[in-house]
Structure formats: structure tokens, C-alpha cells
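Encoded as C-alpha cells, the structure appears first; notes follow it.
Protein chains: 4
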Amino acid sequence: MIVVMKPKATARQISDVINRVQADGYRAHLSEGEQHTIIGVVGESPTPLREENYSVMEGVEKVMRVSVPYKLASRHFHPADTLVPLNGALMGGQKVLVIAGPCSVESRDQIIELACAVKEAGATALRGGAFKPRTSPYSFQGYGEKALQWLAEARERTGLPVVTEVMDAALVPLVCQYADVLQIGARNMQNFTLLNAAGESQHTILLKRGMSSTVEDLLMSAEYILAQGNKRVMVCERGIRTFEKATRNTFDVNAIPVLKAATHLPVVADPSHAVGLWEYVEPIARSAVAAGADGLIVEVHARPEEAVSDGRQSLKPDRFKAMMEQVRRVAEAVGRTA
Amino acid sequence: MIVVMKPKATARQISDVINRVQADGYRAHLSEGEQHTIIGVVGESPTPLREENYSVMEGVEKVMRVSVPYKLASRHFHPADTLVPLNGALMGGQKVLVIAGPCSVESRDQIIELACAVKEAGATALRGGAFKPRTSPYSFQGYGEKALQWLAEARERTGLPVVTEVMDAALVPLVCQYADVLQIGARNMQNFTLLNAAGESQHTILLKRGMSSTVEDLLMSAEYILAQGNKRVMVCERGIRTFEKATRNTFDVNAIPVLKAATHLPVVADPSHAVGLWEYVEPIARSAVAAGADGLIVEVHARPEEAVSDGRQSLKPDRFKAMMEQVRRVAEAVGRTA
Amino acid sequence: MIVVMKPKATARQISDVINRVQADGYRAHLSEGEQHTIIGVVGESPTPLREENYSVMEGVEKVMRVSVPYKLASRHFHPADTLVPLNGALMGGQKVLVIAGPCSVESRDQIIELACAVKEAGATALRGGAFKPRTSPYSFQGYGEKALQWLAEARERTGLPVVTEVMDAALVPLVCQYADVLQIGARNMQNFTLLNAAGESQHTILLKRGMSSTVEDLLMSAEYILAQGNKRVMVCERGIRTFEKATRNTFDVNAIPVLKAATHLPVVADPSHAVGLWEYVEPIARSAVAAGADGLIVEVHARPEEAVSDGRQSLKPDRFKAMMEQVRRVAEAVGRTA
Amino acid sequence: MIVVMKPKATARQISDVINRVQADGYRAHLSEGEQHTIIGVVGESPTPLREENYSVMEGVEKVMRVSVPYKLASRHFHPADTLVPLNGALMGGQKVLVIAGPCSVESRDQIIELACAVKEAGATALRGGAFKPRTSPYSFQGYGEKALQWLAEARERTGLPVVTEVMDAALVPLVCQYADVLQIGARNMQNFTLLNAAGESQHTILLKRGMSSTVEDLLMSAEYILAQGNKRVMVCERGIRTFEKATRNTFDVNAIPVLKAATHLPVVADPSHAVGLWEYVEPIARSAVAAGADGLIVEVHARPEEAVSDGRQSLKPDRFKAMMEQVRRVAEAVGRTA
């Protein structure tokens, strides 16, 4: 941590900061510039350094952090890629893995039909929503446990592991009974009670980036899960909210190489939410893989014009199959498979 | 709802849309322009209209919504201001009410000292965090129930009702035992399980806007609470996330008159989070009242340089007192009191 | 400037940075932390310090700037408020000054009628567009010099000084012949050729913030004008572009106290563009004055339903008069006049 | 255009709108819903329809536009791809074309050395800044005409056409003497005087998206150039400004397929500015091509640690060569060459 003093800070104000640094158990390195005196805070101490407390001391202009605030998620402390097992393959490994299925599980027949279709096209896992976070209280909220049972039945038929969202800490045990991977959605990325429960579950977690969360915020939320000893965490870029309204969200493709450099966790991309219009899902899926994504999660529906949710961004099975072929070609171009 | 057909839509595609409209139980009004055929969907039906399903039909260019998606929160259906009782006064009434206190409850003595100070300065209610949502798992997470007890004790001493955050649906019953107002924080604005539980509790709710939520999103979340029959809801503007980093958030002061026009619910502003730097809390508090806010929620701490959270944006008691004086003058200038 | 080395930076990489610092004519202060070695760069030298060049050196993690990059605009080097004369009053002084008039000058009669109306309501200066920046090439582009002549005639009648936009460096001499204040619009805030020409003109300048410019960017653009020896510069907050679409822009009211602290230049607010809907202009004008704005610039039109531009956000003269009354009351509440 | 009346609009207000529609030379289609009366405006007339004028009429709730506001840039009116000749190839054709070179032209030797290097690696054209838009008046502003001469010399040596920025309408004739392609930078995307001059020049134009401009804004600016009869326009996505600060800008990769669908003009991507950190330029270049970009513009510098501008994002020639190899592989994966 670095404390920058105001140009007119007094000797007393400077020594007050130094004393505080020492009282907190750290060492202070003084550096006097033409305008600003700068105090470097170094060493280790059981007392946490709270930037905010220093920033309000008299004579302090600003406080700058030097290190990243996440440890377990950081590649610096864990250089090797974390590989998360999924259906006999490894997310984060050489092969780009694709999770696919409908936004909402709508019926037993629907999910089994789609599970077969996405498996045939090459998907590694099945997605489907049982509990749905909806902006409106009047929208379909999911079939709940019944949908979980249908998902489990689809798994039995196809062998595809099940990825489904859990919206509340109290539901983690129930969802764990049926699902192979717990998805934490964008709106819950900073639901810390849920993050702790997901960590304690020791289940595999797919953590989606919040729509206005920074890359650092995302890794701090991953840190919550890792801090519970659960290392099977995948992070997912799904588009952020910006001024541009031509698409549902703005896919932050930059975040993919940035995340790959900052963390050892596998990085998944969700082109369906990232662009929100089915006709552009395929090019965005290609761009994600070209940028280095380890996996994709894609919405597929047999009849989008009847879907109870997200019909606008769902691929029909034949379009999904075509997308898979394209993704494979791009994966090979960047030295991977799919 | 209005369906805009593509310039080259065929007669068949147009009739397919019309048939679907009728099958859903509505009437279709056709309007043929030079480039686009437009289909107005009118009438009432038990079948909900899902824009997304129409938008993926062949020949459809886009679908535009005409009405707002919230009913209970809308001023159109409920023209009179909702007044929420607070400490013998009414939030949403003629007097601007101020809720004040520390970010975190840090000790019994701290909260009692601050409760007395903010009461003396004219606050109507006491805020204080018992359960704290923190970006980092390594930061102080709140004293939990112990802090709730201290808050209750501070209420006993001062008569100030207690406003405190609840982070998880499972904790609603516990927090209701101690608190007069449940705060739902920005990060949980779309935690729909929590919104439902807050609605069911029939407790007074202070609902903060998410940092990337639109005004419409905020009112949809209020709708969740209202849909449970709980009418004591206050909405709170606390700054949104933008590209500007000179301040912690960007206070969307526009949202205050926009909300006052769109909804009958009281509108509170949080200048502390909105700007994030104590030296600017006072002018931002003034601006909120000048724009028509019904209330304020402000962070106050006796020793910000020792605060376990949000020290950077906390006013000392004497600055808070000065702010109250300023707020009173501005409130009078706009025909209110404070 | 502070150079933060990577955790595994070698002694050689560190000495390379130090050597470069010395070669550039500065001194290097070394501070060794547990993870990072930090190099403070202090002293003065004719060689400019380019952060980017250091940031790409081997072993460097990041480079952090300590000082603000503007000197002439900074309050640090010029603590006293700059007061800009306007119609016998001083922008930046005790009185809040209001500039008002139509978006576009549409006819001789229109501008004279409006000049009389805004003068009577208490405006200090007249605004009106002669050259109009329009998103569409098919929209009305302004009456050009003819409009400037009409503005000059309106000034003669009313005594109100004329504020009008100049869109291109080549037009600065022409606009200076007629206008008292040159406005540089949001879209041209980083048209550096225009900024230089505006500086050279030695005319009074009203510089509007770009819709995605930070406060620092705005002050850097002001620095261009000041660097030409032209000290009569007013900066103007007019709303920024964010994800929220309920209003035309998001008024960054935080920027007002931030600017007042960072610079000695007067700070004007434009509530018309900031909110974009006439029904909310009055509360936003009040909020700006409550936050400390030195002046306002407001769009007024006698028949907004016939305005060739910005009809949606223009106040009718009687509403403007009512707004002025409100602004006066708020100004007095914060110890000023209007 | 569609006019939505307020729920309580009177018959008189409705007929006033209809009369205005007819007075403007259009036909009005009335559609009465449960809550809202909706008036569709159809037909053609020489009188332009100004939404704003209707939106302020009594009883009007909102006005919605149906058609896009650009005609010449729209793929609807011009379905075939526009192909822009560049060095014997065609931008917008089957081959992905790459423009490369330094941010600033720093010397005769530098630009010739880099021109040779990028040509050898497969670039189709040479970029280099002679006039530089810089945030700070104290930064290097470019060598001006001298740099243009050096660029011309580099073209003579290598045969690579020259792409360089023009910052002001008055300089268009000078830059046209030396450059093959005029670049209009992000900060000038809405400098309408410059757009008109660029259109009149009939030179090939590379138009960069402004950092807070929507896709529609970009196409409206292209429309300015096309409206002057100049059809050789390429549009360029170079990253937008968002809340995320881990990278210089946020590359809006979604915009690539959106632009390809909306316009017939070639779409270029600038991965250097889009991410701003050289280590991520290669993956972002790959993602752009995978999403369907017709071309790339990339910054290359032999010694980024000495570059006078943009050193942080410049590739060294060997890294550029490696990038070209990667881009070629991805281009082939999507059925193109590079």
C-alpha cells in the first residue's frame, strides 16, 4: 500500500501516518518528491491494512493499493491451470467444452429431447433452469424440484452432467442432490451467503460475472468459494451492461485473456446472454474461443417462438450443430480441440 | 405491444403473426407503412404476452412494448403518494426524513453514542450494519445477531427506529425481531428469493437500487415486494456504476424526479454511497433534497480513521449536524421541512 | 510516478528501471516489500516522464501516477477562484448566473422574443445555436452567419451577451465577431485543433464535458485553452452517457463539488441536456445549484412543439420563469443569490 | 413513427395529434388499446417527421421510431457488400486485410524500418500518425507535414498505401496529398465539419467509432460522408468506454456482426486501442476475425519502451508477425484468407 500525502502536508501529519503504519505492525518507507511525500507500507502483520482508514487521515491525498486483493484465485500464487472435471473431460484443458440446453426446463419431454440433440451435436454437459431469476414477479419462475428431477432423468438417458442455477443458499442442498454443477447467476454474483454455501457444498461451481462487476470483483467472489476449500470453480464472462443497446449486453471479450492471465481457474463464455440475439450467437461463440475461452455455455431451444424465457437468444438444434462445427474449426486454429 | 415487420415480410408471415395474436386472445390492428407493416396488439387475455416469442417469428423485425411492466408500483394505477410511517412521521410526506448511523455496528458503546448524536442532530431513524455484504471474504463481515441486540438497545435509549440490512431470505425472521426497517442492499436488489421473503414479512422495506439497475428494474423489484401484499416500501437511489472513477459511484440525481413521476412510493437518497467521499456528502445530500427526495440515509462515524468499513465516506457527528442544517435550508427552499 | 515491479522481478530488471529513471534526469527511491519492489520517481527534469514507456519494461507490473496531469487548471497551483466577467456580473462569484435561450436560432423574431423573455425572467446571458452539431446529416444544421447576426441584434435590444457554439477552428474568427462567449460542445471537447483556436482567440469560452469524458479529461481540455494564455474559461457538466435510458443523459451532479475542489475555474451546469425531458429540468436545475454550481445554461423555446431541435427538453418562457424563482430560493439556501 | 398517447389522453388531444400528422403530409392509423391509444404515422411527405415535436404535445406519452435513420449506409437499401480497394485487394472481400504501423511517425528511419517489417509480415497497408490527438497539451503532438512526407517515402519503398489521421477539416487537402486513406479518429467521430470535408474529398475514409458512440451513431456519421457522394468508407470498432478499467477500453465484439448485418460497408477492428495492453492484442485480433471483421488495424513499434505514444499497446515486429500467423489460421477457420 502506498500513501500519497497532500502537497502541503505538515511534518506532523506525515509522522502521524508513519506512527499508524508502525502501530499496525508494518514498516514505512518515506520518499520525498517535489510535490508529494509518499509513504510505502511494507512488511507483514496480523492487522489487516484498511486503505480507507488511512485515506481519511489529515494531510493524506490518496492511498493506492499495490497487490491484488485475491490470493487463492490468483495465478501468481498458483501458476498451474486448475482443471475442473466434467463428464470425463477437463474444463480448462486442451479441449474446449460446451454446455448447452434450454434457458428454462419446460417439461420432461422437452429436456430429454434437447439433451439428446445437444449431445449429438457434441455438447459435454446439459444446462437447464429449474429456479429462474426473473425481473418481473409475473414471469414464469421455473418448475423447481420437478424440473430438477426431469434434468436428472435427461442425464440418465444421455450421460450428460447437469448444470443448473441455484438462487438461494437454502436451496443449495436440494440442488446438489440433482445437479453436477451449481450455477451462480449474474444477479447473485455478490450474494455472499450463497457464495459461502456454494463453497461449503464442495460441488463444482460455475460462477457468472455480474452485469456491472469488474474482473476483480468476479475473482473476489470466486475467492469466497475457494476460501471454503472448494477448488472446483469455473468463472464465466456473460456480457456487461453498457450504454450500447443494440444488443442485450456487451460481451467483454477482453476479459477472457485478462482472466486467463490473472487466475488459474477455467474461463467459460456465455455468448447467448452476451449478445442476446440468436442470429449473432454463433459469431460471438467463435470470438470467445478465438480469444482463449476454455468452454462455452449456450442456450438451445427446439421452438424459440414458444419458449417461456430467453426465446430471443436461443439457437434451434440445427443452428447449434452448425455452431459446434464452427467452434471446432476455430478451436483447432488456436491449437485446441472442441 | 407493437410488432414491426421487416420491410420484405411476406403476406404469410404477417398473417402468422396475426393468427398468433388471436390465438393468444388479443386483437391485432394492422397498419401498413411505406416500408414496414406494423401490428398493434390490443385487448386483454389471461395469456401473458411474451415479446420474445413474437420477436423470433419469421419476418418480424422488432417488438416494442407500450406499457410499463409494473402495475402495483406504478403511479398510473395508484396516483396518491404512499406514505410510510417512520418514528411518528411519514416518509413520503411533507417533511424530509433522515436515517443516519454507522456503516457497521462495531460495539454496544459505539452504536449508542452514535444514536444519541444523530438523534440530537435531527435524524428520524438509526442505521447500522449487523450483517455486511463485503467484496472480500477477508473483510469484516459484521457482528450479526449481537449487533442487532446492540441496535435494539440503542433504540431503547433514543427512541430511534432501527434500519438494518438483511442479506438472505433465511435471516428475514431474525432481523425482523430487532429491526423496524429491513434494508435490501444494492447487491441484492435482484435476489428474488429475498424480495419475496421481504414481501411476506410485511415489515417496512428500504430497497436500494442495484449499481447497474435501471429505474425500471428497481420498480420491478419493488413490485415483487408489493405483490406479496406489503405496501410499506421505500426505494433508494444510491449511485450507479459508470466510467467515471473520480467518485465511488455516479449519483443519478435524474432518477429522483423520474421515480417520483413513475411511482407512488417514497424515494430516499443515499449520498454516502452515491459519492463515496465524505467531503462531498453534504453537497450531494443538498442536491438530492433539491431534486425532490423524500428522505436521506447517511453514514456517520465518530472516528472514520478507525471504522471497520466505509470510513472514507462517513461524516463525523459535527459534520453531520452541519449537513442537517444545510438540508433543512434546502428543504425549506423547495417548500418542505427537514 | 511510482513503478511497481512484478513479484519475481530480477535484480537486473530493477536496476534497468533505476538506470532509466536516472537517464531521464530523475531520482529513484527504492522500497522493497514482501511481494513487490516499488520504485518512486522523484525530482524534476526537462525530460517528460512517459508512464507507458516504463510500463513495458521487463519485470514491471504497473506504473502509477501521483500528480494530476493538469497544472494551469488545477486549484493546487491557483487556489483563488477564477471569476469570469459576464454582463457586468462574475461567473464563479457569489451570484449564480443563468444563460438561457433556444437550442437553435430559428428566426430574427424568435430570438428577439426569447431574449426579451429570458431577460425579464432574470437571465444574465442569451444562448442560441447558429451552427448546430447534429447526429443526422438530414437534420437542420443551423442558419450560420445569419443566425449570428440575429443574435447580435437580440443583444442590442436586450443587453444580454451572446453565448453560441463554434464547431470548427476555421469558424472561430467569424463567431468571435458576433459572440461574447464561444461554446465548445460535448462532441468537440477533444477537438484539439478547436481548443487551440479557442485559446488563441482570447475570447471567453464555455467548455462542455464530453458525454464519455472523465472530470480529468475535461480539465485536460481546459488546459489546452489555458495553455494559450486564455484564462476566461468556464467548464460545464451536461450529463454523461450511461446504461440508464429513462433520461437522455445521466447528470453527474457529483462532478460539481469534485470540479470545484479540483479547479479554480467556474463550473456551469446544463440541466436541459443532462436530463433531456423538460418536465424534469427544474428539479435538476435546483439540484445543480444545491451542489454548488456557479451557473446554469438552460434551453427555452416559446413553442417546443415546433422547435427545429431539442423541443423535448425546452422550457416554455413561463416555466423558465418559475424555474428561475425556484433556483433563487435554492441559491439563497446555500448562501448565494441568483 | 408511432405516437403512444397517455392512458388519460382526451379525444381532443388525440385529434390534435392526428391533425398535426395530416398537416405534415402523412396519414394517421389509430389503434385503441385498453390503456393506450396508439397512432401510427405512415406515408411519405417532404416535411421531415421530428419525433421531439410530437413528444411534447399534450396527452402524448412517448414517440417510438420504426425505421433506422440512415439510408445510404443501410444494408436494407443496398444489400450488396461495398468493397473498398486497398493496395490491389478489396476491404470487405474474402481476404482479411491488415493495416499496421506505429502510433506516431517518429522519424524517417523509423517509419521506413517499420513499413518494411509489417509488409514482410503480410500487412496490406501502413498506418502512422502525423497529426496526433492527445489528451494533454504537453504531450507530443506529431511531426505534421514532415511526417506525411516520411510516410510517402515509406510507401515508395514498400508499395504499402498510407493510412493516417486527419484531425481538422482545414487539413483535409494537405493530408489527401500524401495519404491513401484518411482516418477519422474516435474523438472526431462527431466532428461534423470534418465528416463533410472527408466526404467532399472523395478519398477513402476509415471512420473510427467514438468511445461512447452507439453503433447507430457510427452509421449516422458514415451517412454524413456517404451523403457527399463518397462511397469509399470503412467503419472501425476500436473499443468503447465502460466501467471496466482492467483494460484501456472494452472491445465491443458484438458490434462486428451487428454492423455486418446493418450496413454494407466494410468493418475493421482495432485490437490495439480496444484492449490497450500489448500482451492481449493477439487474442483480441483473433476474436475480431472470428466474429467476422473484414480487416484489422494494429499498432507496431520496434522499441515500445521508447515510443512517444501508445507504447503500452504496441506489438514488436516479431510479435506482430506471430499475430499475423494466428490471424491467418482463424481467418481460414471462418472461410476466409488473411
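Residue numbers (the working numbering), protein chains in the order written: chain G, 1355 to 1692; chain Z, 1355 to 1692; chain A, 1355 to 1692; chain W, 1355 to 1692.
Where a beta carbon is used, it is the ideal one built from N, C-alpha and C, also for glycine.
Quantities reported herein were computed from a predicted structural model and do not represent experimental measurements.
- Secondary structure of Cys1457/Z (DSSP, three-state): coil.
- Interface residue (Cβ-Cβ distance to chain Z less than 9 angstroms): Ile1453/A is not classified as such.
- Interface flag for Thr1596/G against chain A is set, since a Cβ pair is found closer than 9 angstroms.
- Nearest Cα to Arg1509/A within the set Arg1462/A, Gln1495/A, Pro1527/A: Arg1462/A.
- In the structure shown, Gly1553/A falls within a helical segment according to DSSP collapsed to helix, strand and coil.
- Taking every protein chain shown into account, the CB of Gly1646/G has 16 or more other CB atoms within 10 angstroms, so this residue is buried.
- Along the stretch 1409-1441 of chain W, going in chain order, the ones with a CB nearer than 9 angstroms to a CB of chain Z are Glu1415, Lys1416, Met1418, Val1420, Ser1421, His1430.
- Boundaries of the beta strand (DSSP E) around Glu1519/G: 1516-1519.
- Closest by C-alpha distance to Phe1605/W, out of Thr1401/W, Glu1467/W, Ile1638/W, is Ile1638/W.
- Contact annotation, Val1569/G with Ile1579/G: C-beta distance approximately 16 angstroms; criterion of less than 8 angstroms not satisfied.
- Shortest Cα-Cα distance from Gly1564/W to any of Ala1576/W, Val1681/W, Lys1670/W involves Ala1576/W.
- The Cβ-Cβ distance between Ala1501/G and Ile1559/G does not fall below 9 angstroms.
- Burial check for Arg1657/A: the Cβ neighbour count within 10 Å stays below 16, so the residue is exposed.
- Going by beta carbons, Arg1640/W and Ala1623/G fall outside the 9 angstroms limit.
- Of the candidates Met1543/A, Pro1439/A, Leu1549/A, Glu1554/A, the residue whose Cα lies closest to the Cα of Ser1566/A is Met1543/A.
- In the DSSP assignment, Gln1667/W falls outside any beta strand (DSSP E), carrying neither H nor E.
- Residue-level contact by beta carbon holds for Ser1493/G and chain Z, with a gap shorter than 9 angstroms.
- Under a criterion of Cβ atoms nearer than 9 angstroms, the residues of chain Z adjacent to Lys1599/W are, in order, Phe1597, Lys1599.
- Arg1488/A and Glu1398/A have their alpha carbons spaced roughly 46 angstroms apart.
- In the DSSP assignment, Pro1625/A falls within the unbroken alpha helix (DSSP H) covering 1625-1629.
- Neighbours of Gly1665/W across chain A, judged by C-beta separation under 8 angstroms: Arg1404, Glu1406, Asn1407, Ser1409, Val1410.
- Between the stretch 1663-1676 of chain A and the stretch 1669-1689 of chain Z there are fewer than three C-beta pairs closer than 8 angstroms, too few to call the two in contact.
- Between Ser1385/G and Gly1394/A a beta carbon distance of about 4 angstroms is seen, short of the 8 angstroms cut, so the two are scored as contacting.
- When rounded, the separation of the alpha-carbon atoms in Leu1631/W and Ala1615/A is 32 angstroms.
- Close to chain A, meaning a Cβ-Cβ distance shorter than 8 angstroms, are the following residues of the stretch 1655-1689 of chain Z: Gln1680, Arg1683, Val1684, Glu1686, Ala1687, Val1688.
- A direct Cα-to-Cα measurement between Lys1599/Z and Glu1467/A gives close to 43 angstroms.
- Inclusion of Leu1451/G and Ala1692/G in the CB contact set at 9 angstroms is warranted, their separation being smaller than that value.
- At a beta-carbon threshold of 7 angstroms, the residues of chain Z lying near Asp1606/A are Glu1598, Thr1604, ordered along the chain.
- Nearest to Met1355/Z by alpha-carbon distance, out of Phe1485/Z, Val1662/Z, Glu1406/Z, is Glu1406/Z.
- With fewer than 16 other Cβ atoms from the protein chains shown falling within 10 Å of its own Cβ, Asn1373/Z counts as exposed.
- Under the three-state reduction of DSSP, Asp1606/Z is assigned to strand.
- Taking a C-beta distance under 9 angstroms as the contact criterion, Ala1477/G and Val1459/G do not qualify as a contact pair.
- Look at Glu1398/A: its C-beta is under 9 angstroms from a C-beta on chain G.
- For Met1355/G, there is no enclosing beta strand (DSSP E), since its DSSP letter is neither H nor E.
- Taking 4 residues as the minimum length, the stretch 1574-1599 of chain G contains no alpha helix (DSSP H) run wholly inside it.
- Here the alpha carbon of His1390/Z sits roughly 40 angstroms from the alpha carbon of Glu1499/A.
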